[in-house]
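Comments concern the structure below.
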Amino acid sequence: MKQQNPALIPMPPERLLELDNVGVHFPTREGLVKAVNGVSYHVNRGEVLGIVGESGSGKSVTARSIMRLQAKNALDASGTIRFRRQSGAEVLISSEDRQSRTMRQLRGGEIGMVFQEPMTALSPVHTIGTQIARTVMLHRKVSKAEARAQAIALLTRVQMPRPNDIVDRYPHHLSGGMRQRAMIALALACDPVLLIADEPTTALDVTTEAQILELLKSLQQELNMAIVFIPHNFGVVAHIADRVAVMYLGRVVETGTVDEIFYEPKHPYTQALLQSIPRLGKSHGRRLRTISGMVPDPYNVPPGCSFHPRCLKAVGGVCNVTTPEDVVFPSGQRARCHYAGDIAIAEAAQ
Amino acid sequence: MTDIQTFDSAATLAPSPPLAPKEMAREENLYTAKPWTLIWWRFRKHRLAVVSLGFMIVLTLLAIFADFMSPYRPITFNKLNTFAPPSIVRIIHDGQLQRPFIYAMKRTRDLDTARVIYVEDRAKVLPIRFFVEGESYHLLGLVETKTHFFGVDDKRQQINLLGTDSLGRDLFTRLLHGARVTLSAGLIGVAFSFVIGLTLGAISGYYGGWLDASIQRLMEFIRSIPTIPLWMGLAAALPIAWDPLFVYVLITIILSLIGWTHLARVVRGRFFSLKTEDYVLAARLAGASEYRIVTKHMLPAMTSYIIASVTLAVPEMILGETALSFLGLGLRPPVVSWGVLLQDAQNLRSISLAPWLLAPGVAVVLVVLAFNFIGDGLRDAADPYGQ
Amino acid sequence: MSTAPTKTMHDDTLISVRGAKKYFPVTEGWFNRQVATIKAVDDITFDIKKGETFGLVGESGSGKSSIARLILRAYDLTGGEILFRRASGEVIDITTLGDREMRDLRREMQMIFQDPYSSLNPRMTLLDLVGEPMVIHGVGSAGEIRDRVAELLGLVGLRPEYVTRYPHAFSGGQRQRIGIARALALNPSFIAADEAVSALDVSVAAQNINLMQDLQEKLGLTYLFITHDLGMVEHISDRVGVMYLGRLMEVGPTDSLFAKPMHPYTEALLAAVPQPDPRGNRTRKRVPLKGEIADAMNIPTGCPFHPRCPYADEKCRAEVPALRALDNGRQVRCHYAETLDLVGVAAQ
Chain A
15 MKQQNPALIP MPPERLLELD NVGVHFPTRE GLVKAVNGVS YHVNRGEVLG IVGESGSGKS
75 VTARSIMRLQ AKNALDASGT IRFRRQSGAE VLISSEDRQS RTMRQLRGGE IGMVFQEPMT
135 ALSPVHTIGT QIARTVMLHR KVSKAEARAQ AIALLTRVQM PRPNDIVDRY PHHLSGGMRQ
195 RAMIALALAC DPVLLIADEP TTALDVTTEA QILELLKSLQ QELNMAIVFI PHNFGVVAHI
255 ADRVAVMYLG RVVETGTVDE IFYEPKHPYT QALLQSIPRL GKSHGRRLRT ISGMVPDPYN
315 VPPGCSFHPR CLKAVGGVCN VTTPEDVVFP SGQRARCHYA GDIAIAEAAQ
Chain B
249 MTDIQTFDSA ATLAPSPPLA PKEMAREENL YTAKPWTLIW WRFRKHRLAV VSLGFMIVLT
309 LLAIFADFMS PYRPITFNKL NTFAPPSIVR IIHDGQLQRP FIYAMKRTRD LDTARVIYVE
369 DRAKVLPIRF FVEGESYHLL GLVETKTHFF GVDDKRQQIN LLGTDSLGRD LFTRLLHGAR
429 VTLSAGLIGV AFSFVIGLTL GAISGYYGGW LDASIQRLME FIRSIPTIPL WMGLAAALPI
489 AWDPLFVYVL ITIILSLIGW THLARVVRGR FFSLKTEDYV LAARLAGASE YRIVTKHMLP
549 AMTSYIIASV TLAVPEMILG ETALSFLGLG LRPPVVSWGV LLQDAQNLRS ISLAPWLLAP
609 GVAVVLVVLA FNFIGDGLRD AADPYGQ
Chain C
1236 MSTAPTKTMH DDTLISVRGA KKYFPVTEGW FNRQVATIKA VDDITFDIKK GETFGLVGES
1296 GSGKSSIARL ILRAYDLTGG EILFRRASGE VIDITTLGDR EMRDLRREMQ MIFQDPYSSL
1356 NPRMTLLDLV GEPMVIHGVG SAGEIRDRVA ELLGLVGLRP EYVTRYPHAF SGGQRQRIGI
1416 ARALALNPSF IAADEAVSAL DVSVAAQNIN LMQDLQEKLG LTYLFITHDL GMVEHISDRV
1476 GVMYLGRLME VGPTDSLFAK PMHPYTEALL AAVPQPDPRG NRTRKRVPLK GEIADAMNIP
1536 TGCPFHPRCP YADEKCRAEV PALRALDNGR QVRCHYAETL DLVGVAAQ
């Protein structure tokens, strides 16, 4: 299981995580669902990558497959996922088993995870302190007392109010925001170099969300940690990400720096998405732009460019026939659209 | 302002790519499928449940037409045919293929122990005939007839597929007749507990408050009583002189007086969860009366769950009846039920002499399993919208 | 049943909520002993004008959803009154109506729900679902109901031939439209939309918001739009109310309230919203509000917001501020509304 694929070119030294042409499929009664259909993206050390997309885009499935925590019936259809360990060695995560030794070392040791609903990730029958201390002891040789002291230190670090008290509380005693802080403390227990945050603020109120985002941002800078951040809205990603990948129906359709994505989007889908969200102070009384139609059923993906039935700029005979490749711009921005270059020129001319 | 019609066609009617007509028809079928159709589609995927359902349908038909399907009458005894072993149906005689037949049995005595033993008489072939004349009976209690589904022609020889008991009565015949009583006792008992459970569960779940609290306490009380002693106490109170049929009805009522709590709990739980469904609030806000909300929105959402738990309750009733009758506290001869039949298998001697007397026990196990499988299948299929 | 004298309200007002209170008892044990009270809604007063969209924002637990349910009388009020102007022009107090009168009034007020999955009975076809209000109120024959359902489906952008389908055939956004069609069945004048687009993807939410605005213009509807999404409420509302812990903190026209909030909580909420504007975010100073919303069973004394308010002083801890009407058409529940200089979002 562990042999390194000799054909793989080593990753550049700053590269922490690299996904190449990853495919995850689910057999269902309606047919084969290609939830993730050739996704490639990478994360460098200390960088925050935001992944946006509507439901069914496959963003969470991809993230779970990085941690090898995908659903039991998922099929690894294609591609490679590589991760650079703290030792500098590359691991081919995609050929690891869910319960392999390496994966257990990585999860919680080098890759931390934060989910939308902390209640499902935190054990309801153990105190917050026990859970954090146990994770610390699992990955490091420390005594019980030291682990507990570490747990308190971690709770302090995530700005948990009254850490000395909270350490002995059970998850159901905490509010949503505090649970999310505990979850982050748990994820940070062994100084991970990569944090995977799947909609960590979706269930929170806007004021609590702001607190958690500030916290994640300051921790990221302090620990020089990379984050794969899956937000539930564009505001959050604009706030925290350095680079952004936009996903649609199991594919990455555009990647670029956060400024490129928000101010010079090249893919019609990204452009349309950005125009369909109301913005504070800018949209009162205006009509929202919409994307016509809806996201197709995942077992019934349109041929050619999967976005073409909803795309205003689709060209018959091209977009509905040929699957587009990435168009790479000099800045490094990529868009998977036959006309990405032309569209960019047209936008610039406006 | 945008014209609504044009906005619509642009915004919503352009979704999925064109499908092949066949696929489209299939999708449309799914989209307009009635809830029960969806439940059936789901149930069908549960292999064991489907097989069990088939088994129960066959068994039920056999029980209903027990008089016709069995070769004899359940009370016909034969002094010269006691403890006869099951007849073995064969198709090869003297190395030649034949229509199904049995060999005649010769009754002799073991010279050492003086015990009665039966030996197959290889010379005498008794072909199995269908629609043979036999003892007369009333088909479904209406038409008098003598035709039985199968049998043998010889008046002095019998076909005993499951052997005979101590009085020489055909066990197969008695098993089919016993199925009538046992299955119907289960169904009637469940029907009673269904009425009680649905009523009390619905009151409890719909009104809540102190009514709910009282009913809950009552249920907890009933559930905390050990069942076997309670059954025994109640059954022992029934005068022995009463008509066996009347006793039969009373036994089922006793069983259901204890069995309703489980169903009530299910109904109450469903009511509680449905009360908070938005669509129930939507109906209320549309001005629907309480009666309409309960009958149109709440009950239809519950029926499949109720049917599933009723199915799962039947085995309990059957086991209850069997246990009581086995202990001699439930049904008594001459009524034939599986529990009554099992009384014959109570002592070690008869089991070692005539192990076929345990056949009713096997039947009980099969039926209980079948009901459990069907219940499981129904429970899984009960909410076709759940995922 | 109601013999109360006719109440009055301003001619262009459709609904007037006056001092509304809703307390829920917290019970415990076998025999439901009351151990505490949750003040879900406490002393709420506001008007909704005919034809406008009144937005209600607040975080979870602020009581904003309870308000919609109180106006539609899914629950009974603990105190206060709610006046409604009927199509006939008559003004009635909803809280005093008997069952029969209330049922009749339901033709004029309807609701759109948050969850597009649980708000449609999965066992009914679109015809039965959308036609149900008409069946209940005995409006029209079977044929007329069928025609009207087809018309309503067309109105919300669904094909009329879908009437025989069940809800599971539709996506979340389409289901929400079915809910809208049902709400419109009896030509109501007022619709409460409780987080009506929160569960939808952005592109689909935009479609449904546009649809709701089109319908409002076409049918002269009045909306109460409840959401936690400040961007959405700014987009759709004419006037906005901001709720915190069961109380209205501030009410005012959308533009002026967002541009220049007068309550510290409004300011904090606006500052907390992450903007889809990376460059702006880098320059914008965001000071997150400290602490969390208080437990509804232990509402702080004085101003309920004071433990989190950066401007709070002794007076705020001791005295409950009243919702005061200011000269500029705004209402604020803060002792220092006039003296604080708060920052909103700059309109462009």
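Protein chains in written order, with the numbering used here: chain A, 15 to 364; chain B, 249 to 635; chain C, 1236 to 1583.
Idealized CB from N, CA, C, for every residue including glycine.
Remember, it's a predicted structure, so these values are computed and weren't measured experimentally.
Validate contact between the region 222–237 of chain A and the region 1465–1481 of chain C using beta carbons, cut 8 Å, 3 pairs | no
When you check each C-beta in the region 307–323 of chain A against every C-beta of chain C, which residues fall closer than 8 Å?
-> If the cut-off is 8 Å between Cβ atoms, the region 307–323 of chain A has 308 and 309 near chain C.
N- and C-terminal bounds of the alpha helix (DSSP H) containing residue 64 of chain A | Careful: residue 64 of chain A lies outside any alpha helix (DSSP H), inside the beta strand (DSSP E) at 62–66.
For residue 1358 of chain C and chain B, any beta-carbon pair shorter than 7 Å?
-> Taking Cβ atoms only, chain B reaches closer than 7 Å to residue 1358 of chain C, which makes this a yes.
Is it buried or exposed for residue 339 of chain A, if we count other Cβ within 10 angstroms and need 16 for buried?
-> exposed
Around the Cβ of residue 268 of chain B, are there at least 16 other Cβ atoms within 10 angstroms (buried) or fewer (exposed)?
-> Low confidence applies to residue 268 of chain B: its pLDDT is 48, below 50, so where it sits in the model is not reliable, and the reading given next is rough at best. Exposed is the call here.
Looking at C-alpha atoms only, which residue of B:547, B:404 and B:383 is the closest neighbour of residue 374 of chain B?
-> B:404
Sub-7 Å separation of residue 1305 of chain C and residue 1255 of chain C beta-carbons = yes
Chain C within 7 Å of residue 628 of chain B, Cβ atoms only = Answer no: the Cβ-Cβ gap between residue 628 of chain B and chain C never drops below 7 Å.
Residue 54 of chain A versus A:41, A:37 and A:153, residue with shortest Cα-Cα distance | A:37
Looking at the unbroken beta strand (DSSP E) that takes in residue 1262 of chain C, where does it start and where does it end?
-> 1248–1263
Whose C-beta lies closer than 7 Å to the C-beta of residue 1409 of chain C among residues of the same chain, with five residues either side of it excluded?
-> 1393
Could you tell me whether any Cβ in chain B is nearer than 7 Å to the Cβ of residue 1385 of chain C?
-> Residue contact check for residue 1385 of chain C against chain B: no CB pair falls below 7 Å.
Residue 1580 of chain C and residue 45 of chain A: beta carbons closer than 7 Å?
-> no
Measure the CB-CB distance between residue 590 of chain B and residue 563 of chain B and report whether it falls below 7 Å.
-> no
Whether residue 1457 of chain C touches residue 1242 of chain C by CB criterion (7 Å) = For residue 1457 of chain C and residue 1242 of chain C, no; Cβs fall outside 7 Å.
Determine the DSSP secondary structure at residue 1312 of chain C, reduced to helix, strand or coil.
-> coil
So what's residue 1478 of chain C in DSSP terms, helix, strand or just coil?
-> strand
Would you kindly work out how many angstroms separate the C-alpha atoms of residue 428 of chain B and residue 540 of chain B, rounded to a whole number?
-> 39 Å
Answer yes or no: does any C-beta atom of chain C fall closer than 7 Å to that of residue 356 of chain A?
-> no
Residue from A:196, A:88 and A:121 whose Cα sits closest to the Cα of residue 141 of chain A | Comparing C-alpha distances from residue 141 of chain A to each of A:196, A:88 and A:121 shows the shortest one belongs to A:196.
Taking just the CA atoms, how far does residue 370 of chain B sit from residue 344 of chain B?
-> 14 Å
Tell me which same chain residues have a C-beta within less than 8 Å of the C-beta of residue 473 of chain B, skipping the five on either side of it?
-> 506
Which parts of the region 1399–1453 of chain C are runs of the beta strand (DSSP E), unbroken and 3 residues or longer, counting only runs that do not cross its ends?
-> 1425–1429
What residue range is occupied by the uninterrupted alpha helix (DSSP H) comprising residue 554 of chain B?
-> Start and end: 547–574.
Mind checking if residue 294 of chain B is an interface residue toward chain C, Cβ cutoff 7 Å exclusive?
-> no
Residue 253 of chain B: buried (16+ other C-beta within 10 angstroms of its C-beta) or exposed?
-> Reliability of the predicted coordinates at residue 253 of chain B is poor, the pLDDT of 33 falling under 50, and no value is obtained from them.
Taking 7 Å as the CB-CB cut-off, is residue 447 of chain B touching chain C?
-> no
In three-state terms, what does DSSP make of residue 287 of chain A?
-> helix
For my contact list, residue 397 of chain B and residue 317 of chain B are in at a C-beta cut-off of 8 Å; report their separation, rounded to the angstrom.
-> 5 Å
Among the residues of its own chain, which have a CB less than 7 Å from the CB of residue 441 of chain B, if the five just before and after it don't count?
-> 504, 507, 508, 511 and 561
Chain B within 7 Å of residue 1485 of chain C, Cβ atoms only | no
Interface partners of residue 1493 of chain C on chain B, CB under 9 Å = Simply none; closest approach about 24 Å.
Step through the CB atoms of chain B and report whether any lies within less than 7 Å of the CB of residue 1399 of chain C.
-> Contact with chain B is found for residue 1399 of chain C, since one of that chain's Cβ atoms lies less than 7 Å from the residue's Cβ.
Within the region 340–382 of chain B, ranges of the beta strand (DSSP E) (whole runs, at least 3 residues) = Fully enclosed beta strand (DSSP E) runs of no fewer than 3 residues occupy 344–357 of the region 340–382 of chain B, in order along the chain.
Residue 493 of chain B: buried (16+ other C-beta within 10 angstroms of its C-beta) or exposed?
-> That one is exposed.
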